[in-house]
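Presented below is the structure to which this report refers.
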Amino acid sequence: METEKKRSLTGNKAMSEAIRSEMERDENVFVLGEDIGEYGGIFGSTEGLIKQFGPERIMDTPISETGFIGAAIGAASEGMRPIAELMFVDFFGVTMDQIYNHMAKIPYMSGGNVKLPMVLMTAVGGGYNDAAQHSQTLYATFAHLPGMKVVAPTTPYDLKGMMISAIRDDNPVVFMFHKTLQGLGWMDQLDTSIGQVPEETYSVPLGKAKVIKEGTDVTIVGLQMTTHFGMHAVKELEENGINAELIDLRSIVPLDKETILRSVKKTGRLLIVDEDYKSFGISAEIAAIVAEEGLYDLEAPIKRLAIPDVPIPYSRPLEQYILPNAEKIVQAATELANE
Amino acid sequence: METEKKRSLTGNKAMSEAIRSEMERDENVFVLGEDIGEYGGIFGSTEGLIKQFGPERIMDTPISETGFIGAAIGAASEGMRPIAELMFVDFFGVTMDQIYNHMAKIPYMSGGNVKLPMVLMTAVGGGYNDAAQHSQTLYATFAHLPGMKVVAPTTPYDLKGMMISAIRDDNPVVFMFHKTLQGLGWMDQLDTSIGQVPEETYSVPLGKAKVIKEGTDVTIVGLQMTTHFGMHAVKELEENGINAELIDLRSIVPLDKETILRSVKKTGRLLIVDEDYKSFGISAEIAAIVAEEGLYDLEAPIKRLAIPDVPIPYSRPLEQYILPNAEKIVQAATELANE
Amino acid sequence: MTISRKELSWMYETMYKSRYYEDEMEKTYTEGKTPVFNIGSGTVPGEMHLSTGQEPAAIGISVHLRKDDIVASPHRPHHHAIAKGVDLKRMTAEIFGKKTGLSKGKGGHMHLFDPAVHFSCSGIVGAGLPQAAGAALAAKKKNKDSVAVAYIGEGAANTGSFHESLNLASLWNLPYIVVVENNSYGISVPKSASTSVASNDLRASAYGDNVKGYYVKDNDPIAMYHASKEAVERARKGEGPSIIEIETYRFLGHFQGDAEGYRPEGEVEELREKDPIPLFRDLLMKDHSFKEDELVSLEEKAKGEVDEAYAFARESDYPDLEEALDNVFI
Amino acid sequence: MTISRKELSWMYETMYKSRYYEDEMEKTYTEGKTPVFNIGSGTVPGEMHLSTGQEPAAIGISVHLRKDDIVASPHRPHHHAIAKGVDLKRMTAEIFGKKTGLSKGKGGHMHLFDPAVHFSCSGIVGAGLPQAAGAALAAKKKNKDSVAVAYIGEGAANTGSFHESLNLASLWNLPYIVVVENNSYGISVPKSASTSVASNDLRASAYGDNVKGYYVKDNDPIAMYHASKEAVERARKGEGPSIIEIETYRFLGHFQGDAEGYRPEGEVEELREKDPIPLFRDLLMKDHSFKEDELVSLEEKAKGEVDEAYAFARESDYPDLEEALDNVFI
Ligand SMILES: Cc1ncc(C[n+]2csc(CCOP(=O)(O)OP(=O)(O)O)c2C)c(N)n1
Ligand SMILES: Cc1ncc(C[n+]2csc(CCOP(=O)(O)OP(=O)(O)O)c2C)c(N)n1
Ligand SMILES: [Mg+2]
Ligand SMILES: [Mg+2]
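Protein chains in written order, with the working numbering: chain F, 5 to 343; chain L, 5 to 343; chain Y, 169 to 498; chain X, 169 to 498.
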């Protein structure tokens, strides 16, 4: 319907709407985490839900990430469909054993006999001076370890659609949402963090990248904030006569290598832009895939733009210096196009 | 001296000798971990040390990895030089916050004012049917996160020399030793796990790869067990008329990209063999570096041989199926040489 | 509070079965590992943690458990699994790495999963604690009166997981029981070097009034029966979590192949004198009028089942190699 | 056990300084964040957790601490830092992200490190607990009688880190004190939803006889003084660890910008009535014969120091951009 299609939501409202509709549909779905009740989630992912579902299904937990994420695993193994929120992805280290040795492996270790239909949602990203322990994305840290789907949607539309897919998926899904793309009133206001979101339930498949803009000269792969920066960069590049293709990764595991390889076949040039640490990151994996399977399509060395293997510094100029942005993308893509 | 040069030690004895000599030299060095006292470390890394140094300097801990690794950080910040043993690297998830958010970041977050001269030593690797939670290497999991040196020596000579360097380094060093390369009586007996080790103190620098065998046709990069397999593979390749160059990585952070790029310049062909999960792993990072900085040297697509993104299965044939070995290296290198 | 004959008989049979199972495993494990012991070779490779001597912990509580009750077990799981009624053939096949195993050979001895009886285990010390709490939460959410039991060793009680799980379970008043098997060692580390409190039931007071602590000494299956009965009833009635610590005996090394250099001489012999199975057998005959032949027939039944399970495992095939690539995602 | 005039005077001055510091920070933090509040903009960007109202916790124990004693602080560290004697100018410059900061601007408000006074903090809840234990271990190894204090909130007492650290500290009998600032909330979660026990000093009994628990009510600096005195003395003498829980008040939101929708109406006003600083001031005049002008001059001194620190921070330059790449390795 016309009116519905035109409705705009912020990222966080799109997410909480997805959770709401799935909770209405399936009584086995519940949410647990720190400050997800009255507070509505520090980054608004459960905004308003406690009013509708009460504290039995929107459960505030103590600061016990091993406790409540482990509990989510146990509940999932008994047929529930929990959504656990790890407030900041940066806190993974206090509970990674539950996440990677159990949530991710039990389905395999049980020969497929134990399903863990759960979502681990977590806030990622920096750019607002929250320093070394609250600003990371850690995409590759999760993606490297087998057994979990890892997704990182960019737009409100995808946040809703992929959250619905994640909840319905019978596999554990790590759902990373970017703080700045939640469209919260107390964060940077970005054009990307608000967008049209249909009111009805729909799903966006996990494991599929999206070509945001077609182009012929250079392929730019981004996700979340680097997609956002990429959108601005491709416009500027266009003005400078460079026709870039922009791919929004959306899913890290499974990784949609076909979309990337197809694009590189066309452009012959690849720039990967990542808000995670550069080494051993997404940019490395994508480069490796292309060096394995698309080498002969390359007309220039691959380029990576990512955080230069330093913890995130606090001071604003320093943080800005190490983060990717539109300008740096323009520069790198221009160099690449001229190679 | 002749006699000393000829002395052969197993990997574990080389390691414990390094620790012993540093403990004799510097009273601030001490070891803490589970079963490192009377037991001598499950993989023999502290064999015999309690007898010489007593329980004050060789401290058995409770099963509290966050507790004792956090304590090592605190002790290091107060001028001690602790060596903490995480029994199996697979257990990192119960203590990763201390490791990556604190040990690795405090030096940076303090602007260099707090030094953490500590070693986190840990056993890696599979191949003996210890299944999904006790068989991983997780090289890239550590390497992706900035602030720690990450080393993984192969031979007894390097185990000693690099342990000495690690203890003397003023930065936190994650020292990964491979169980099967410890030369323990109850493990596979490998030619690589016993070797000549000088009795005197010497150090092997961190951050330098080693060319084990020079060659012209194809570059094979391995580390620990994949270097071991590589040594056997290059012999067989030689017999088949393929002259492979074998590089033992030894250090993951810092990564010696020069040695790799130089080799690829010569051979034009690169095979990376890794006992870690394939995606987002070492093999990806090395491939990416070459695709960025050595693309024009490549005469064939890069090849990666690593664990195919599955948890390690228990059953012997299944585990063998997913692990790299000499035969698979020969096959991949042969294909590559013929590309 | 007397124990029924049926219960006693189940307890004896199950303890005996568990013991016989482990004795067989002890032998099987050495197959292919002589003259040179290589952990990665033989009929059953990998680490092997046997529960010989620790049977009372599992049997004393499992007599009160139903099929729909949940058990989370650690790295030393066989007695718990047997007491919970895990499919013995498929469990054994799993330990042999065969395709007929519980997990088609992909899990192994530390990763036994039998959802039919709500049994799971993990090789990571302490990891089962919050998972069992979550399973208890699921039961509560579904208005079922099933309970969840997490077994741990005394060493594991010093992991952060213990604290977080008990705090959660108390706050949410879950049907949750932690059984601490105090066998005096965490691998080589004696309890005195790992545990700052006399026994872990005392830690109950750190988690509020709804958490109760029980201490069972002397590896006594009858005392374990009684403590567990109360704990399970409390849990079913929604009265809160419990911690039961039982003093138990590890007759063997931490794992098979453990040289046990850390053990005082003669300790094992002393413990063997107090073997709970012959003691229980004597008690049944002396105080509960069990006849020798009755016991023998329980023993025979147990043996038969175990023998059958081992035969099944031996005869089964290894999985197809491609099986290794399956089940990462469902 | 009376408190010396000098101590009282230090306590007042330091509480006052801490409060004035936070009041200034509250104002500073809004600079550049109006009319639109954007956490990433203004003079001081990022999260900001102020300690306004919680001064007694820090001052009551720090009066007993020496320069070589160790303090590990969490995400809400300013009062601890000020009480420990962290360089105020460089601390403020750090919070402003300036090159003259303690860490050249790379740490920020949650990552203040001043090794000269053995002060550190972390933004990860519970993380300082084992680190302080390790620092205490180092002191012990070096035969020094310094003690280590880890401050945490009541929320943090439910992390696994608490359990592991106290167990370790007890086993190793470390000079280790955990101060639990119970301000009733962990962000929005009330203590009743996070903590299964009435107060955390009661958890001392889970860690053996050498660990003592103290409870300080009503945010009372004098009671905190006495409890801490005993705990610090015990630690220095090698008698073991302590847990001190102090009931304290968080006058502000969890962080600046917190809408505090979860707070019962009127709560903050009620708490403000019990503001410990005017109460302490009255007490000093009533019971300890302090004169108004004496107190005013302490206040002026405190203000002067704080004003100077803010001026220093404002006037300092931002670091060079390449600074971002330095200090990953030493
Ligand atoms: C988190 C973690 N740390 C260490 C280990 C290695 N480990 C396996 S069993 C064990 C000892 C366990 O002792 P306890 O809990 O008393 O159980 P028991 O073996 O005595 O039955 C250790 C340290 C592990 N598996 N997981
Ligand atoms: C391991 C971890 N989990 C969650 C958080 C997010 N967080 C920061 S402060 C806080 C609340 C802390 O409460 P409390 O310990 O009572 O301290 P207070 O803020 O009240 O001083 C939370 C949940 C964190 N920083 N670290
Ligand atoms: Mg034990
Ligand atoms: Mg609090």
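Just so it is clear, CB atoms sit at the ideal spot from N, CA and C, and this is done for glycine as well. Computed from a predicted model, the values in this text were never measured in an experiment.
For Q200 of chain F, the enclosing beta strand (DSSP E) has its first and last residue at 198 to 200.
For A324 of chain X, the closest of X:E192, X:K442, X:G291 by C-alpha to C-alpha distance is X:G291.
Separation of F57 of chain L and E491 of chain Y (C-alpha to C-alpha, rounded to the nearest whole angstrom) is 49 Å. Under the DSSP assignment, G321 of chain X falls in the beta strand (DSSP E) whose first and last residues are 316 to 321.
A check of alpha carbon separations from D278 of chain F across F:M113, F:V128, F:N247 identifies F:V128 as the nearest. Around the beta carbon of D101 of chain F, 16 or more other beta carbons lie within 10 angstroms, which makes this residue buried.
Look at the region 42 to 111 of chain L and you find these whole runs of beta strand (DSSP E), each 3 residues long or longer: 62 to 64, 85 to 92. Interface annotation, S68 of chain L: in contact with chain X, CB-CB separation under 7 Å. Taking a beta-carbon distance threshold of 7 Å, S49 of chain F does not count as an interface residue toward chain X. Within the same chain, and ignoring the five residues on either side of S356 of chain X in sequence, the residues whose Cβ sits closer than 6 Å to its Cβ are Y430. Here E192 of chain Y has V474, Y478 as same chain residues with Cβ atoms under 7 Å from its own Cβ, once five neighbours each way along the sequence are excluded. At least one C-beta of chain L is nearer than 7 Å to the C-beta of S271 of chain X. The beta carbon of Y281 of chain F sits closer than 7 Å to those of A310, I311, D313, all from its chain and outside the five residues before and after it, given in chain order. Within the region 294 to 331 of chain F, the runs of alpha helix (DSSP H) at least 4 residues long that lie entirely inside it are, in chain order, 320 to 326. A straight-line Cα-Cα distance of about 16 Å links G285 of chain F and M229 of chain F. At a cut-off of 7 Å between beta carbons, L299 of chain L contacts chain F. Within the region 345 to 368 of chain X, contact with chain F at the beta-carbon level (separation under 8 Å) is assigned to G354, I355, S356, V357, A361, S362, T363.
Against chain L, the CB of A492 of chain X has no partner CB under 7 Å away; the residue lies outside that interface. Neighbourhood of ligand 3, defined by CB distance below 6 Å to any of its heavy atoms: Y:G321, Y:E322, Y:G323, Y:N351, Y:Y353, Y:G354, in chain order.
Taking a beta-carbon distance threshold of 7 Å, G97 of chain F counts as an interface residue toward chain L. Using a 10 angstroms sphere on the CB of G434 of chain Y, the tally of other CB atoms stays under 16, which defines it as exposed.
In this structure, the CA atom of A318 of chain X is about 23 Å from the CA atom of A361 of chain Y. For L339 of chain X, the neighbours in chain L by C-beta distance under 8 Å run, in chain order, P66. Within chain L, the residues whose beta carbon sits less than 7 Å from that of P213 of chain Y are Y132, N133, R320, listed in sequence order. CA-to-CA, the gap between V254 of chain Y and Y180 of chain Y works out to about 17 Å. Under the Cβ criterion of 7 Å, T327 of chain Y is counted among the residues facing chain L. L256 of chain X and C289 of chain X have their alpha carbons spaced roughly 15 Å apart. Taking A251 of chain Y as reference, the option from Y:F264, Y:A261, Y:L233 with the minimal CA-CA separation is Y:L233. The beta carbon of K359 of chain X sits closer than 6 Å to those of E322, S352, all from its chain and outside the five residues before and after it, given in chain order. For the C-beta of A300 of chain Y, the chain F residues within less than 8 Å are, from N- to C-terminus, G78. Between G214 of chain X and G200 of chain X, the C-beta spacing is not below 7 Å. A distance criterion of 6 Å places the beta-carbon of H106 of chain F beyond contact range of ligand 1, judged by its closest non-hydrogen atom. Within the region 172 to 184 of chain L, not one residue has a Cβ closer than 7 Å to any Cβ of chain F.
Contact between H246 of chain Y and Y189 of chain Y holds, with the beta-carbon distance rounding to 6 Å and staying under 8 Å.
Proximity of the region 82 to 98 of chain L to the region 371 to 389 of chain Y falls short of the contact definition, fewer than three beta-carbon pairs being nearer than 8 Å. Residue environment for N133 of chain L: buried (at least 16 other C-beta atoms within 10 angstroms of its C-beta).
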